[in-house]
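Student: Protein sequences appear in the order of chains A and B.
Take 1 as the starting number for the first sequence in my numbering and just add one per residue.
Take 1 as the starting number for the second sequence in my numbering and just add one per residue.
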Amino acid sequence: MASAGGGPVRAARRRQTAVAYLFLTPALLFFAVFLALPLLFAVLLAQSRWAGFDLADIEPVGMANFTDLFARGSTFLTPVLTNTLLYAVGTVAIALLGALTLATCINNLRFQGLWRTLSFLPIVTTVVAVGNVWKYLYAPGGLINGALNGLGLHSVAFLQDPGTALPSVVVVQAWASMGTAILILTAGLKSIPEAYYEAAELDGAGAGTIFRRITLPLLRPSLLFVCITQFITGLQSFALINVMTDDGGPGDATNVAALEMYQQAFKYGDWGIASAAAFVLFLVIVAITVGQLWLFRRKGGES
Amino acid sequence: MSRSARRRPRHRRPWGSYAVVVAGAVLTLVPFLDMLLTSFKGPGEYGKLPYRFLPQAFDLSNYRAAMEQLNLPLLFRNSVIATAVITGSILVTSALAGYALAKLHFPGREVIFRLVLSTMMFPPFLFFIPHFLILVHWPGAGGNDLLGRGGAGLTVSLAALVMPFLVSGFGIFLMRQFMISIPDELLEAARIDGAGEFALWWRIVLPQTKPVAVTLALLTFVNAWNEYIWALLISTANPRLMTLPVGIQMLQSYLDPDRMVPVMMAGLVLSILPVLLLFLLLQKHYLRGVMLSGLK
Chain A
1 MASAGGGPVR AARRRQTAVA YLFLTPALLF FAVFLALPLL FAVLLAQSRW
51 AGFDLADIEP VGMANFTDLF ARGSTFLTPV LTNTLLYAVG TVAIALLGAL
101 TLATCINNLR FQGLWRTLSF LPIVTTVVAV GNVWKYLYAP GGLINGALNG
151 LGLHSVAFLQ DPGTALPSVV VVQAWASMGT AILILTAGLK SIPEAYYEAA
201 ELDGAGAGTI FRRITLPLLR PSLLFVCITQ FITGLQSFAL INVMTDDGGP
251 GDATNVAALE MYQQAFKYGD WGIASAAAFV LFLVIVAITV GQLWLFRRKG
301 GES
Chain B
1 MSRSARRRPR HRRPWGSYAV VVAGAVLTLV PFLDMLLTSF KGPGEYGKLP
51 YRFLPQAFDL SNYRAAMEQL NLPLLFRNSV IATAVITGSI LVTSALAGYA
101 LAKLHFPGRE VIFRLVLSTM MFPPFLFFIP HFLILVHWPG AGGNDLLGRG
151 GAGLTVSLAA LVMPFLVSGF GIFLMRQFMI SIPDELLEAA RIDGAGEFAL
201 WWRIVLPQTK PVAVTLALLT FVNAWNEYIW ALLISTANPR LMTLPVGIQM
251 LQSYLDPDRM VPVMMAGLVL SILPVLLLFL LLQKHYLRGV MLSGLK
């Protein structure tokens, strides 16, 4: 740092401030138009009735949209919000268990980079490809039913049967998101000092004990991170469902909150209800994230 | 990460681990393989039971059909332009703002940095509706008057595909974190030599930033190329703005049912090839980006 002085230093400071704001202008302008303004707009719309087109027709209705969402006979709480939670919980459970198993096993092998790269293929692939490939894997004449028939089992109408549609989509979302989890858990595994393992082996601890007593506790921060980020992704994603079951069918069996919001706005033109639904989902996400942080902190001291 | 070789495998014969990982790899690859093999199947071959994994003959006609059905030049043009503009814009704006937040001293720096961080908290679905409405009512565009009334606004122009994605809070954060480690002495020396602030950024800061720029570019490229929901919305308003993912999704509705699935798979293979190749070539940089962001 230059020593404090008179005019030149102050002029340099002022110049730096001007330059800094000049450099920040594009970002700040963008955030004003595409972040602050939309948030205001969303708050306003959530408390209005509006069928689109003329902005002058926006009619304030207070909290009516929110009470409508939770009114008797509304499908928003069940099945839509319940589906959203099941979708997120199912995805996180499968992806986390699968990723933990795979990351631990990969860590024991050679050519680790190869295996991790493989696990990433679904992530760099567009959701349109992932969704459609699986849609036809699940189809009556597709690979999975072909394999079931080959084993002498009956065909399953995975995406057409309301009982199996949601779990079927959950599996795909988990399949598609496992790569990220594997990557983060691997980094967590690598940060565990080798000395811990050596000491445990000298003490004659078995593989299971080592995993439970050393790996799992020291992996906590990575597990928490994966859990929280994948939960958020699971709660808000709907592109995959949109590709695989179009409008959340059969019936509302695979309809989730973000898809409901999308359809209310762009299909039925009920912008107020749609915006209210978006806010409810946002609050659910915040609540679940805070809840997870609290749970992890309470169960395991700091992290 | 880079020192992954330091740990020797703990078990001398990790057969169990091999079995699990190979099973995982098969589960990952089978859908891709099935997509590729189905894309070669002839008319009526897909959907017949018992299921046959391999095509009877490697029939390339599905690729020809996909190319005929899709307006591929248009779709590619839209996807390429949108991806290039988004990636370029995020790189430049992140490098500018990140530098200001990392290396310049000015009142309000902490507040703005927190604001940038907070932008990452809001999930994208919250913005679909307002973004669409803001573009519809963009003043003076697409037949709108100065109050944003009367026309379709920007939703019918190529700008609609890119505008909501031009700046990324994550990108700014990433750049800032990286640029903090550039030595101040380097910048001071250049200032004493009389370099202007912009020349400083261009000649000294940017070259130092190359590794993180590659990572950010790749991450942004993949996300932008694969973007679906927003592009679907915009192509509904104006079919001339259709991107590759949306176009292929549309294949479902206008094809001979006997060949629909194989032709669609051919289209999917064509659409994911560029990104897949890029990823395989530069995967180290990409994976580092995912590590840094934690989210896709």
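Here a beta-carbon is modelled for each residue, glycine too, at the ideal position from N, C-alpha and C.
(1) With a threshold of 8 Å between beta carbons, is alanine 4(A) in contact with chain B?
(2) State yes or no: is the beta carbon of glycine 153(B) nearer than 8 Å to at least one beta carbon in chain A?
(3) Can you grab the Cα-Cα spacing for the pair leucine 259(A) / threonine 104(A), in whole Å?
(4) Compare the C-beta of threonine 254(A) against all C-beta atoms of chain B and say whether one is closer than 8 Å.
(5) Report the residue from Ile214(A), Ile273(A), Ile288(A) whose alpha carbon sits nearest the alpha carbon of threonine 75(A).
(6) Flag this pair as touching only if the stretch 230-246 of chain A and the stretch 119-139 of chain B have three or more C-beta atom pairs under 8 Å; answer yes or no.
(7) Show which residues of chain A have a CB atom less than 8 Å away from the CB atom of serine 271(B).
(8) For glutamate 229(B), which residues in chain A fall below 8 Å Cβ to Cβ?
(9) Excluding the 5 residues preceding and the 5 following leucine 101(B) in the sequence, name in chain order all residues of the same chain whose CB lies nearer than 6 Å to its CB.
(10) Here's a check: name, in chain order, each residue in its chain whose Cβ is nearer than 6 Å to the Cβ of valine 167(B), leaving out the five neighbours to either side.
(11) Assuming leucine 137(A) and asparagine 83(A) are in contact, meaning their beta carbons sit under 8 Å apart, how far apart are those beta carbons, in whole angstroms?
(12) Please tell me whether asparagine 132(A) has its Cβ less than 8 Å away from any Cβ of chain B.
(13) Excluding the 5 residues flanking leucine 81(A) on each side, which residues of the same chain have their C-beta closer than 7 Å to its C-beta?
(14) For histidine 137(B), count neighbouring Cβ atoms within 10 angstroms of its own Cβ and tell me buried if that reaches 16, exposed if not.
(15) With distance defined between alpha-carbon atoms, name the residue in Ala42(A), Ala157(A), Gly131(A), Ala27(A) nearest to leucine 96(B).
(16) Who are arginine 49(A)'s beta bridge partners in DSSP?
(17) Using only alpha-carbon positions, find the residue among Ser235(B), Leu27(B), Met260(B) that is nearest to glutamine 159(B).
(18) Alpha carbon to alpha carbon, how far is glycine 141(A) from lysine 48(B)? Give it in angstroms, no decimals.
(19) When you compare each of Thr101(A), Leu96(A), Asp68(A), Gly146(A) to glycine 208(A) by their alpha carbons, which one comes out closest?
(20) Take proline 183(B) as the anchor and find which of Gly169(B), Gln208(B), Val162(B), Asp193(B) has the nearest alpha-carbon.
(21) Here's the rule I'm using: 16 or more other beta-carbon atoms within 10 Å means buried, otherwise exposed. How should isoleucine 248(B) be labelled?
(22) Ends of the alpha helix (DSSP H) at phenylalanine 304(A)?
(23) Whose CA, out of Phe70(A), Tyr21(A), Thr126(A), Thr17(A), lies closest to the CA of phenylalanine 279(B)?
(24) Using a beta-carbon distance below 8 Å, is serine 275(A) in contact with chain B?
(25) Is the separation between the beta-carbon of alanine 57(B) and that of glycine 42(B) shorter than 8 Å?
(26) Assuming the contact rule is C-beta atoms closer than 8 Å, proline 50(B) and glycine 146(A) should be a hit. Round their C-beta distance to whole Å, please.
(27) So with CB distances below 9 Å, who are the chain A contacts of asparagine 226(B)?
(28) Starting from arginine 191(B), follow the alpha helix (DSSP H) in both directions and report where the run begins and ends.
(29) Where does arginine 149(B) fall in DSSP's three states?
(30) Can you pull the chain B residues whose beta carbon is under 8 Å from the beta carbon of cysteine 227(A), in chain order?
(31) Is the stretch 58-69 of chain A close to the stretch 191-201 of chain A, with three or more CB pairs under 8 Å?
(32) Under 7 Å Cβ-Cβ, which residues of chain A neighbour phenylalanine 128(B)?
(33) For glycine 146(A), go through chain B and note every residue whose CB falls closer than 7 Å to its CB, in chain order.
(34) Confirm, please, whether the CB-CB distance from valine 170(A) to valine 130(A) is below 8 Å.
(35) For chain A, check one thing: does any of its Cβ atoms lie closer than 8 Å to the Cβ of tyrosine 63(B)?
(36) State yes or no: is the beta carbon of tryptophan 294(A) nearer than 8 Å to at least one beta carbon in chain B?
Tutor: In short, the structure shows the following:
(1) Indexing the first sequence from 1 puts residue 4(A) at position 4. Low local confidence applies: a pLDDT of 47 at alanine 4(A) is under 50, so the model's placement there is unreliable, and no value is given.
(2) As a first step, residue 153(B) is located in the second sequence; it is residue number 153 there, counting from the start. Judged by the 8 Å Cβ criterion, glycine 153(B) is not in contact with chain A.
(3) Position 259 of the first sequence, counted from the first residue, corresponds to residue 259(A). Position 104 of the first sequence, counted from the first residue, corresponds to residue 104(A). Spanning the two alpha carbons is a distance of roughly 35 Å.
(4) By 1-based counting over the first sequence, the position of residue 254(A) is 254. Not one chain B Cβ lies under 8 Å of threonine 254(A).
(5) Here residue 75(A) refers to the residue found at position 75 of the first sequence. Closest by alpha carbon: Ile273(A).
(6) yes
(7) Indexing the second sequence from 1 puts residue 271(B) at position 271. By Cβ distance, chain A contributes Thr126, Val128, Ala129.
(8) As a working mapping, residue 229(B) is identified with position 229 in the second sequence. Rather than glutamate, the amino acid found at residue 229(B) in this sequence is isoleucine. Going along chain A in sequence order, the residues near isoleucine 229(B) (Cβ under 8 Å) are Phe238, Ala239, Asn242, Tyr262.
(9) Here residue 101(B) corresponds to residue number 101 of the second sequence, with the count starting at 1. Same-chain partners within the cutoff: Phe113, Arg176.
(10) The residue you call residue 167(B) lines up with position 167 of the second sequence. Thr93, listed in sequence order.
(11) What you label residue 137(A) is simply residue 137 of the first sequence in a count that begins at 1. What you label residue 83(A) is simply residue 83 of the first sequence in a count that begins at 1. Not confirmed; about 22 Å, so no contact.
(12) As a working note, residue 132(A) is residue 132 in the first sequence. Cβ-Cβ to chain B under 8 Å: yes for asparagine 132(A).
(13) Along the first sequence, read from residue 1 onward, the residue named residue 81(A) stands at position 81. So the list reads Ala257, once near-sequence residues are dropped.
(14) Taking the first residue of the second sequence as 1, we reach residue 137(B) at position 137. It counts as buried.
(15) On the second sequence, position 96 is the one that residue 96(B) refers to. Of Ala42(A), Ala157(A), Gly131(A), Ala27(A), the residue nearest in Cα terms is Ala27(A).
(16) Residue 49(A) sits at position 49 when you count from the first residue of the first sequence. Glu59(A).
(17) As a working mapping, residue 159(B) is identified with position 159 in the second sequence. This sequence places alanine at residue 159(B); glutamine is not what is there. Nearest of Ser235(B), Leu27(B), Met260(B) to alanine 159(B), Cα basis: Ser235(B).
(18) Start at 1 with the first residue of the second sequence, and residue 48(B) comes out as number 48. Start at 1 with the first residue of the first sequence, and residue 141(A) comes out as number 141. About 6 Å.
(19) If you number the first sequence from 1, residue 208(A) lands on position 208. Answer by Cα proximity: Thr101(A).
(20) Within the second sequence, numbered from 1, the residue matching residue 183(B) stands at position 183. The option with the nearest alpha carbon to proline 183(B) is Gln208(B).
(21) For the purposes of this step, residue 248(B) is taken as the residue at position 248 of the second sequence. Buried is the call here.
(22) An answer regarding residue 304(A) cannot be provided, because it is not within the stretch 1 to 303 covered by chain A.
(23) The sequence position of residue 279(B) within the second sequence is 279, counting from 1. That would be Thr126(A), whose Cα lies nearest to the Cα of phenylalanine 279(B).
(24) As a working mapping, residue 275(A) is identified with position 275 in the first sequence. Serine 275(A) counts as touching chain B.
(25) In the second sequence, the residue the question calls residue 57(B) occupies position 57. In the second sequence, the residue the question calls residue 42(B) occupies position 42. Yes.
(26) Start at 1 with the first residue of the second sequence, and residue 50(B) comes out as number 50. Start at 1 with the first residue of the first sequence, and residue 146(A) comes out as number 146. The Cβ separation is near 6 Å, so the contact holds.
(27) For this step, residue 226(B) is matched to residue 226 along the second sequence. Those are Val124, Thr125, Thr126, Val127, Val128, Ala129, listed as they occur along chain A.
(28) By one-based count along the second sequence, residue 191(B) stands at place 191. Arginine 191(B) -> alpha helix (DSSP H) spans 184-192.
(29) In the second sequence, counting from the first residue as 1, residue 149(B) sits at position 149. Reduced to three states, the DSSP call for arginine 149(B) is coil.
(30) Start at 1 with the first residue of the first sequence, and residue 227(A) comes out as number 227. Result: empty, since nearest Cβ-Cβ is about 11 Å, beyond 8 Å.
(31) no
(32) In the second sequence, counting from the first residue as 1, residue 128(B) sits at position 128. Residues of chain A passing the Cβ test: Tyr262.
(33) Residue mapping note: residue 146(A) aligns to position 146 of the first sequence, counting from 1. Within chain B, the residues near glycine 146(A) are Leu49, Pro50, Tyr51.
(34) Taking the first sequence and counting its residues from 1, one reaches residue 130(A) at position 130. Taking the first sequence and counting its residues from 1, one reaches residue 170(A) at position 170. Cβ atoms of valine 130(A) and valine 170(A): not closer than 8 Å.
(35) Here residue 63(B) is taken as the residue at index 63 of the second sequence, counted from 1. Not one chain A Cβ lies under 8 Å of tyrosine 63(B).
(36) Locating residue 294(A) in the first sequence gives position 294, where the first residue counts as 1. With 8 Å as the cut-off, tryptophan 294(A) does not count as an interface residue toward chain B.
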